[in-house]
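Undergrad:
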Amino acid sequence: MSFESFVALRYLAASRRRAHVALISTISILGLAVGVAALVISLSLLSGFQDRIRAQMAQRSPHLRVSPIRGATLADPARVAEALESLSGVVRVDPAIEGRGWASGRTIESTLPVRYRNAPSGELPPAPSGAPPPARVSASAATRTRTAPGELLTITSSRTRLSPLGPIPVAVVVRVSDVRRASALERTPDVELPEETARLLSGIATGARAYEARLSDPVRAGVAARAVSLVLGPAYRVETWRELNAPLSFALRLEKAVIFATVALVIVVAALTIVSNIALTVVEKKRDLGVLTSLGATPGSLARIYLILGAVIGGTGTGLGVAIGVSSSVLLDRYEIVSLPADVYLLTHVPFAVHPGEVALVAAFSLVTAIAAAVLPARAAARLAAGEAIRLSR
Amino acid sequence: MLAVKAEGLSKTYMGEAAPVTVFQNLDFELEAGVFAAVMGPSGVGKSTLLHLVGGIDRPDTGRIEIFGESLDDLSPRERARFRNDNIGFVFQFHHLLPEFTAEENVAFPHRIAGVAAGEARRLAGELLERVGLGDRRSHLSRSLSGGEQQRVAIARALARSPRLLLADEPTGNLDADSASVVFGLLAELHLERGMTTVLVTHNPDLAKRCDKIFEMSREGIAPATGFSG
Numbered sequence: 217m218s219f220e221s222f223v224a225l226r227y228l229a230a231s232r233r234r235a236h237v238a239l240i241s242t243i244s245i246l247g248l249a250v251g252v253a254a255l256v257i258s259l260s261l262l263s264g265f266q267d268r269i270r271a272q273m274a275q276r277s278p279h280l281r282v283s284p285i286r287g288a289t290l291a292d293p294a295r296v297a298e299a300l301e302s303l304s305g306v307v308r309v310d311p312a313i314e315g316r317g318w319a320s321g322r323t324i325e326s327t328l329p330v331r332y333r334n335a336p337s338g339e340l341p342p343a344p345s346g347a348p349p350p351a352r353v354s355a356s357a358a359t360r361t362r363t364a365p366g367e368l369l370t371i372t373s374s375r376t377r378l379s380p381l382g383p384i385p386v387a388v389v390v391r392v393s394d395v396r397r398a399s400a401l402e403r404t405p406d407v408e409l410p411e412e413t414a415r416l417l418s419g420i421a422t423g424a425r426a427y428e429a430r431l432s433d434p435v436r437a438g439v440a441a442r443a444v445s446l447v448l449g450p451a452y453r454v455e456t457w458r459e460l461n462a463p464l465s466f467a468l469r470l471e472k473a474v475i476f477a478t479v480a481l482v483i484v485v486a487a488l489t490i491v492s493n494i495a496l497t498v499v500e501k502k503r504d505l506g507v508l509t510s511l512g513a514t515p516g517s518l519a520r521i522y523l524i525l526g527a528v529i530g531g532t533g534t535g536l537g538v539a540i541g542v543s544s545s546v547l548l549d550r551y552e553i554v555s556l557p558a559d560v561y562l563l564t565h566v567p568f569a570v571h572p573g574e575v576a577l578v579a580a581f582s583l584v585t586a587i588a589a590a591v592l593p594a595r596a597a598a599r600l601a602a603g604e605a606i607r608l609s610r
Numbered sequence: 043m044l045a046v047k048a049e050g051l052s053k054t055y056m057g058e059a060a061p062v063t064v065f066q067n068l069d070f071e072l073e074a075g076v077f078a079a080v081m082g083p084s085g086v087g088k089s090t091l092l093h094l095v096g097g098i099d100r101p102d103t104g105r106i107e108i109f110g111e112s113l114d115d116l117s118p119r120e121r122a123r124f125r126n127d128n129i130g131f132v133f134q135f136h137h138l139l140p141e142f143t144a145e146e147n148v149a150f151p152h153r154i155a156g157v158a159a160g161e162a163r164r165l166a167g168e169l170l171e172r173v174g175l176g177d178r179r180s181h182l183s184r185s186l187s188g189g190e191q192q193r194v195a196i197a198r199a200l201a202r203s204p205r206l207l208l209a210d211e212p213t214g215n216l217d218a219d220s221a222s223v224v225f226g227l228l229a230e231l232h233l234e235r236g237m238t239t240v241l242v243t244h245n246p247d248l249a250k251r252c253d254k255i256f257e258m259s260r261e262g263i264a265p266a267t268g269f270s271g
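If you're matching them up, the sequences are chains W and S in order. Just remember that our numbering sits 216 ahead of the position in the first sequence, which is counted from 1. Just remember that our numbering sits 42 ahead of the position in the second sequence, which is counted from 1.
Here it is, written out as structure tokens:
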């Protein structure tokens, strides 16, 4: 143990005999612990929700999407499909037949603009012969068109066809087979249709606007995207499910950053008590600092004593806070202590997920803040006039 | 060889109401190996002179050389290292660090020099044996008597075998018996280690037992007349 650590630890241990210093030290440590615990619990709560949102995102979005840089449809859809199918870990490759139109329920007031596309093959129930094709409708579209499963919905395309009366819009009547609930920021179409219906509405008889693939492991999407880009060249845009949901991902990251910045203020306030605690020790130990200088201690060495003191207080508070925060989060999640109405939130309890990287970030922030708080009094100790300190302490 | 050579020293402190000039243009020289006493009335700057010579305070003007090394030419870090290797301080109020044991206090100069903890403790233990406090090594400094505390302070000052020992009224706060013991110890160690020692004292009897006596006044410092060494 270095001379500086030896002195710092002894000062801290001996502070128990100085009630005022002991009280401030305890407040500093507890303040830091509370701040760290609050931050760990807040981030775990957010991670719990966000992990579920990301899992749904990965489940509902295509993991890879290849579209042309120029033009509305793929110039060589077979080549794109082949490139995607040749990837390792690919589960399914589907064409994307998309377009815009209007959906209307039973009344004219219930008409609204919608985005439609083909549902992945096999996801919609087969329609009986002669019956309207099935459609999966988003919850918001279902609400605004006032339709429920089993009811009819008219999808009118922006595309027109010639008739004896002139150009008229292409329209298809579908039966709502399912209503899908999704978060507001999730990038999902308003209406999902069988491929033939989507082709009819969009006018894309063959080919596709894009091709989409699902992977066995969504985490590998980035690597797979680079591989497909290399094969297809610069004429194609290859996007992963994270890029396709970029606004939502950004919102989730922003939410976490704002919570971090807000709750971290508790740690900053706790650090202010560390400043006062260490400044008090510097004043009380002025004579000792003068004596240590007379024994040959350098100004840097005196400053290090107080930086170490800050680090020890910071380390203790941080360690305590991490222990409280992590154990509370784990217990809250494991025993589902905070319950939610499942019909409102799709979840039965508030989920908590402890991410080691985030805990490490909180711990590092707390420790750095505590040491930074000690810098000012440590510099004062280094600049101390030793002769004067000894002269005035007689 | 000169142990101390100080030329044109001036020092002014900022007092509460106005600056206080302690001395101006003071010269002081001391040969190596001498046990010198410095006497003079309170407030003439005896302690300040020791602090300047020891490099824990800086003069406003003037130069100080210790064994030919100019303190002004050294950086704060180099001056600290020089002090650790060459200069020992004993203060009137011992100034032991109260949270530490006698042994830990004596080991401080070694720890500051980078000596490993175990070795520093061993050396400190030997020195405490030498000053007659071998059985007190694990006692906290505040639990020792005044005389014992000052003997621990002497052991601490001598830990790094300094060439120059600066003692600022080390007996000023002790009863006659303890003062005699502490002075006797200083005199013994001075001879034993071949050091140069500067002792500030108000006690003429102790001063007379030194090799040389300096008298300090507002006018400066000069070898005393009227004392027989």
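For each residue, glycine too, the CB sits at the ideal point set by N, CA and C.
1) May I ask which residues mark the beginning and end of the beta strand (DSSP E) holding M258/S?
2) What separation, rounded to the nearest whole angstrom, lies between the Cα atoms of R333/W and I269/W?
3) Closest Cβ-Cβ distance between F65/S and chain W: below 7 angstroms?
4) Name the chain W residues whose beta carbon is nearer than 7 angstroms to that of S89/S?
5) How big is the Cα-Cα spacing for V538/W and I490/W?
6) For a contact meaning CB atoms closer than 8 angstroms, what does D253/S contact in chain W?
7) Buried or exposed: R550/W, going by 16 or more other Cβ atoms within 10 Å of its Cβ?
8) According to DSSP, is T534/W helix, strand or coil?
9) Using DSSP with H/G/I as helix, E/B as strand and the rest coil, what is F133/S?
10) So is M56/S buried or exposed if we call it buried at 16+ other beta carbons inside 10 Å?
11) With distance defined between alpha-carbon atoms, name the residue in F222/W, V223/W and L228/W nearest to G530/W.
12) Within 10 angstroms of the Cβ of G275/W, are there 16 or more other Cβ atoms? Answer buried if so, exposed if not.
13) Expressed to the nearest angstrom, what Euclidean distance is found between the alpha-carbon atoms of S270/S and L248/S?
14) Taking C-beta to C-beta, are I154/S and G512/W nearer than 7 angstroms?
15) Distance, Cα to Cα, A596/W vs A569/W?
16) Can you tell me whether R322/W is helix, strand or coil according to DSSP?
17) Please tell me whether, using a cut-off of 6 angstroms, the distance from the CB of S492/W to the nearest non-hydrogen atom of the ligand NAP is below it.
18) My output table needs one value for E455/W: the three-state DSSP class, helix, strand or coil.
19) What span of residues does the alpha helix (DSSP H) with I98/S cover, start to end?
20) Check the Cβ-Cβ distances between A195/S and every residue of chain W, and say whether any is below 7 angstroms.
21) E141/S versus chain W: which residues are under 7 angstroms apart at the beta carbon?
22) Could you check what DSSP says for V392/W in three-state terms: helix, strand or coil?
23) Measure the CB-CB distance between H565/W and E552/W and report whether it falls below 7 angstroms.
24) Starting from N67/S, trace the beta strand (DSSP E) in both directions and tell me its first and last residue.
25) Step through the CB atoms of chain W and report whether any lies within less than 7 angstroms of the CB of A60/S.
26) Less than 7 angstroms between the beta carbons of M258/S and K88/S, yes or no?
TA: By the coordinates alone:
1) Translated into positions along the second sequence, residue 258/S becomes position 216. Run containing M258/S: K254 to S259, per the beta strand (DSSP E) assignment.
2) Here residue 333/W corresponds to residue number 117 of the first sequence, with the count starting at 1. Here residue 269/W corresponds to residue number 53 of the first sequence, with the count starting at 1. The alpha-carbon atoms of R333/W and I269/W are separated by roughly 22 angstroms.
3) On the second sequence, position 23 is the one that residue 65/S refers to. Not closer than 7 angstroms to any Cβ of chain W, the Cβ of F65/S fails to qualify, so no.
4) Counting from 1 along the second sequence, the entry for residue 89/S is found at position 47. R607, listed in chain order.
5) As a working note, residue 538/W is residue 322 in the first sequence. As a working note, residue 490/W is residue 274 in the first sequence. Going from the Cα of V538/W to the Cα of I490/W covers about 18 angstroms.
6) Residue 253/S sits at position 211 when you count from the first residue of the second sequence. The premise fails here: D253/S is roughly 24 angstroms from chain W at the closest Cβ pair, so nothing lies under 8 angstroms.
7) As a first step, residue 550/W is located in the first sequence; it is residue number 334 there, counting from the start. Its Cβ having fewer than 16 others within 10 Å, R550/W is exposed.
8) Residue mapping note: residue 534/W aligns to position 318 of the first sequence, counting from 1. T534/W falls in the helix class under three-state DSSP.
9) Taking the first residue of the second sequence as 1, we reach residue 133/S at position 91. Residue state, collapsed to three classes: coil.
10) In the second sequence, counting from the first residue as 1, residue 56/S sits at position 14. M56/S comes out exposed.
11) Residue numbering aside, residue 530/W sits at position 314 when the first sequence is read from its first letter. When only C-alpha atoms are compared, the closest one is L228/W.
12) Walking along the first sequence from the start, residue 275/W turns up at place 59. For the record, residue 275/W in the displayed sequence is Gln; it is not Gly. By the neighbour-count rule (16 or more Cβ atoms within 10 Å), Q275/W is not buried but exposed.
13) Against the second sequence, residue 270/S aligns to sequence position 228. Against the second sequence, residue 248/S aligns to sequence position 206. With a pLDDT of only 48 at S270/S, under 50, the local geometry of the prediction cannot be trusted, and the value read off the model is given with reservation. Taking the straight line joining both Cα atoms gives about 12 angstroms.
14) For the purposes of this step, residue 154/S is identified with residue 112 of the second sequence, where counting begins at 1. For the purposes of this step, residue 512/W is identified with residue 296 of the first sequence, where counting begins at 1. Cβ distance < 7 angstroms, so I154/S and G512/W count as in contact.
15) Locating residue 596/W in the first sequence gives position 380, where the first residue counts as 1. Locating residue 569/W in the first sequence gives position 353, where the first residue counts as 1. If you draw a straight line from the Cα of A596/W to the Cα of A569/W, it comes to about 43 angstroms.
16) The count along the first sequence starts at 1 and reaches residue 322/W at position 106. Looking at R322/W - three-state DSSP - the assignment turns out to be coil, as it is neither helix nor strand.
17) Looking at this structure, you won't find the ligand NAP or any other ligand, since it has none at all.
18) Residue 455/W sits at position 239 when you count from the first residue of the first sequence. E455/W falls in the strand class under three-state DSSP.
19) On the second sequence, residue 98/S is found 56 positions in, with the first residue counted as 1. Careful: I98/S lies outside any alpha helix (DSSP H) and carries neither H nor E.
20) Reading the second sequence from its first residue, position 153 is the one you call residue 195/S. Not an interface residue.
21) Within the second sequence, numbered from 1, the residue matching residue 141/S stands at position 99. The contacting residues are R226, Y227 and A230.
22) To locate residue 392/W, count along the first sequence from 1; it is residue 176. Of the three classes helix, strand and coil, the one that applies to V392/W here is strand, per DSSP.
23) Residue mapping note: residue 565/W aligns to position 349 of the first sequence, counting from 1. Residue mapping note: residue 552/W aligns to position 336 of the first sequence, counting from 1. Yes.
24) Numbered from its first residue, the second sequence carries residue 67/S at position 25. Residues P61 to E73.
25) Reading the second sequence from its first residue, position 18 is the one you call residue 60/S. No, its Cβ sits nowhere closer than 7 angstroms to a Cβ of chain W.
26) As a first step, residue 258/S must be located in the second sequence, where it is residue number 216. As a first step, residue 88/S must be located in the second sequence, where it is residue number 46. Cβ distance < 7 angstroms, so M258/S and K88/S count as in contact.
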